[in-house]
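All residue numbers for the sequence shown refer to my numbering, where the first residue is 450 and numbers rise by one. Cβ atoms here follow ideal geometry from the backbone N, Cα and C, with glycine treated the same way. Nothing here was measured: the structure is a model prediction, and the numbers come from that model. Here the structure comes first, spelled out in structure tokens, and everything after it is commentary.
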Amino acid sequence: MKKLLATTALVAALALPAAAQETLDPNATPGGNITITYKDDVATLDPAIGYDWQNWSMIKSLFDGLMDYAPGTTDLRPGLAESYEVSEDGMTFTFTLREGVKFHNGREMTAEDVKYSLDRVTNPVTQSPGAGFFGAIEGYDAIASGEAETLSGVSVIDPQTVEIKLSRPDATFLHVMALNFASIVPQEAVDAAEGDFGKMPVGTGAFKLDEWTIGQRLVFAKNGDYWRDGLPYLDSVTFEVGQEPIVALLRLQNGEVDVPGDGIPPAKFQEVMADPEQAARVVEGGQLQTGYITLNVTIPPLDNVDVRKAINMAINKERITQIINGRAVPANQPLPPSMPGYTEGYDGYAYDVEAAKALLAEAGFGDGFETELYVMNTDPNPRIAQAIQQDLAAIGVDAAIQSLAQANVIEAGGAGTAPMVWSGGMAWIADFPDPSNFFGPILGCAGAEEGGWNWAKFCDAEIDAAATEADSMLDPSAPERLQMWSDVYMSVMEQAPWVPVFNEQRYTMKSARISGDDSLFVDPVSIPVNYDYIYVTE
Numbered sequence: 450m451k452k453l454l455a456t457t458a459l460v461a462a463l464a465l466p467a468a469a470q471e472t473l474d475p476n477a478t479p480g481g482n483i484t485i486t487y488k489d490d491v492a493t494l495d496p497a498i499g500y501d502w503q504n505w506s507m508i509k510s511l512f513d514g515l516m517d518y519a520p521g522t523t524d525l526r527p528g529l530a531e532s533y534e535v536s537e538d539g540m541t542f543t544f545t546l547r548e549g550v551k552f553h554n555g556r557e558m559t560a561e562d563v564k565y566s567l568d569r570v571t572n573p574v575t576q577s578p579g580a581g582f583f584g585a586i587e588g589y590d591a592i593a594s595g596e597a598e599t600l601s602g603v604s605v606i607d608p609q610t611v612e613i614k615l616s617r618p619d620a621t622f623l624h625v626m627a628l629n630f631a632s633i634v635p636q637e638a639v640d641a642a643e644g645d646f647g648k649m650p651v652g653t654g655a656f657k658l659d660e661w662t663i664g665q666r667l668v669f670a671k672n673g674d675y676w677r678d679g680l681p682y683l684d685s686v687t688f689e690v691g692q693e694p695i696v697a698l699l700r701l702q703n704g705e706v707d708v709p710g711d712g713i714p715p716a717k718f719q720e721v722m723a724d725p726e727q728a729a730r731v732v733e734g735g736q737l738q739t740g741y742i743t744l745n746v747t748i749p750p751l752d753n754v755d756v757r758k759a760i761n762m763a764i765n766k767e768r769i770t771q772i773i774n775g776r777a778v779p780a781n782q783p784l785p786p787s788m789p790g791y792t793e794g795y796d797g798y799a800y801d802v803e804a805a806k807a808l809l810a811e812a813g814f815g816d817g818f819e820t821e822l823y824v825m826n827t828d829p830n831p832r833i834a835q836a837i838q839q840d841l842a843a844i845g846v847d848a849a850i851q852s853l854a855q856a857n858v859i860e861a862g863g864a865g866t867a868p869m870v871w872s873g874g875m876a877w878i879a880d881f882p883d884p885s886n887f888f889g890p891i892l893g894c895a896g897a898e899e900g901g902w903n904w905a906k907f908c909d910a911e912i913d914a915a916a917t918e919a920d921s922m923l924d925p926s927a928p929e930r931l932q933m934w935s936d937v938y939m940s941v942m943e944q945a946p947w948v949p950v951f952n953e954q955r956y957t958m959k960s961a962r963i964s965g966d967d968s969l970f971v972d973p974v975s976i977p978v979n980y981d982y983i984y985v986t987e
């Protein structure tokens, strides 16, 4: 893993003084349009709010942050910041902005926009699920509690310079500044949208929103003033929504679609892989992912830890992996095996129906109970939910399935009204390659706020404190820090707010006319596709 900070000062070693230094693909032909399909409509394009599989890469193409990643990698590089400096104690970051960067409305971006954007994402009024990422910035607690309206740690030095002071060292801070949540937005556009900025986004990104016909399509047009010279290659990207995945695959086979956004339908996976012509267009990539069931610890009887442990023991994870053609391995903890901090040798809760029944009886629920399991309605997730339902029935738990559109599942999870959620289609994929990323948003107290992605509503002050201590170390790859994170996740598993189910490999497919490095189609950051760097050959 690439180190972000050393224990001595970092001077702006990553400076890229000119956008022209971007490495362009010599084979790329500018122009053209591609078509992407999705089953569900897009919930929002507001970078402070959007946080799902479907809109993440869309938002990343509309907006930029101070930091960025090299395409197809998790290697940090400056974005809207031309350069940066870090103080010796790791507590002060000074970013020098690129000159001449324009928003889609034509106005030049300044340091005032950076401050406004960070104030906005952390203000509780915005209800950003990513607000907790910025918890290390000085003044975060005051703005989060409503005592202040701005972050005291963010200062405008001059129009091209912004200083960010932390209240504690944060080994992940530069990664945080590369998240969509840290995207820079113009206040006048947010104000003009009158609460609907997610439908009228204005950023500095490679594309700008040209059309949005609700329930039908979105069209992104090339930003002719984009600050990275020569990008994007495409003139436009069309997202068609309301497309069933099997229909989307057929349309791809007929040359009408370039990327099926919901992936290869599991029912068609073997057929696709058995056809050499189709298999040649399949792109496979590793990912830092965990699929899981959340158990809402605030809803009885899931507020009983023994009930949660019994549910963990009731789930046949091997059988569930077969539903997705074996494209995953069973999980036993929140972190995926390739993530630093993963606890080797930990077996988790073994599949044991009789032991689960006994534990449920000890907890006072020998006759079982009724509950609800929320699931995204795109295949294979309803089928996985049915398998979970059958496993629970074997120990006397009657789980009614609520199969809904992704946005509705996310809403119920964030509101805390869903007793159980199968995360499939929304399963956690790391925003950046650090163990902290699997905690704060989805298991930490900050994520348990209304609208957050901690759908288990699990909040343990001692575990939160241990997580904060781990992130306060300057060296992100220090063995002591990784051991601290291992301990955090073992403490989480003792309380069983999740059932970790599997760690999935990513597969997608592209049309014969679409090109670009394969890593762009399984981009670990611009999930699922990095639209800024792909192109068409005909």
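- Note on geometry: alpha-carbon atoms of L473 and D981 lie some 11 Å from one another.
- In the three-state DSSP reduction, F887 falls in the helix class (H, G or I).
- By the Cβ test, the region 921-933 is in contact with the region 611-628, since at least three Cβ pairs between them sit closer than 8 Å.
- For D607, the uninterrupted beta strand (DSSP E) segment begins and ends at 603-607.
- Between D678 and P694 the beta-carbon gap is near 37 Å, outside 8 Å, which marks them as no contact.
- In this structure R547 is buried. Its beta-carbon is surrounded by 16 or more other beta-carbon atoms within 10 angstroms.
- Residues of the same chain with a CB within less than 6 Å of the CB of M649, apart from the 5 flanking positions on each side, are A642 in chain order.
- Apart from sequence neighbours up to five positions away, the residues of its chain that approach I586 with a beta-carbon distance below 8 Å are L567, T571, L600, G602, V603, I613, K614, L615, S616, ordered along the chain.
- If you draw a 10 Å sphere on the C-beta of T866, you find fewer than 16 other C-beta atoms in it, and that means exposed.
- DSSP lists F656 as the bridge partner or partners of K671.
- For R768, no beta strand (DSSP E) encloses it; the enclosing alpha helix (DSSP H) starts and ends at 766-772.
- Between the region 778-792 and the region 818-828 there are fewer than three C-beta pairs closer than 8 Å, too few to call the two in contact.
- Ranked by Cα distance from D883, the options Q719, Q932, N504, K488 are led by Q932.
- Counting only the Cα atoms, P709 lies some 15 Å from L667.
- Beta-bridge pairing by DSSP links Q738 to I878.
- Scanning E943, Y938, V535, V870 for the CA closest to the CA of M788 turns up Y938.
- With respect to the C-alpha of E689, the residue from Q503, S975, P715 having the closest C-alpha is Q503.
- Per DSSP, A836 is one residue of the alpha helix (DSSP H) stretching across 830-842.
- Under the three-state reduction of DSSP output, N903 falls in the coil class, being neither helix nor strand.
- Within 10 angstroms of the beta-carbon of V686 lie 16 or more other beta-carbons, which makes it buried.
- Note: A723 is not bridge-paired with any residue in the DSSP secondary-structure output.
- Judged by their CB atoms, D755 and E811 are nearer to each other than the 8 Å cut-off.
- A distance below 8 Å separates the beta carbons of L628 and D880.
- Burial state of P520 is buried, judged by a 10 Å Cβ sphere holding 16 or more other Cβ atoms.
- Distance between A807 and Q835, taken at the CA atoms: about 23 Å.
- Per DSSP, the continuous beta strand (DSSP E) segment holding L546 begins and ends at 541-546.
- The Cβ-Cβ distance between G652 and D513 falls below 8 Å.
- By the 16-neighbour rule on beta-carbons within 10 angstroms, E898 is buried.
- Apart from sequence neighbours up to five positions away, the residues of its chain that approach W934 with a beta-carbon distance below 6 Å are G790, P884, A919, ordered along the chain.
- For D640, the uninterrupted alpha helix (DSSP H) run begins and ends at 636-642, by DSSP.
- Following the DSSP letters along the chain, one finds W502 in no alpha helix (DSSP H), marked with neither H nor E.
- In the same chain as V634, and ignoring 5 residues on each side of it, the C-beta atoms closer than 6 Å to its own belong to S566, in chain order.
- At the C-beta level, G874 and Q855 come within 8 Å of one another.
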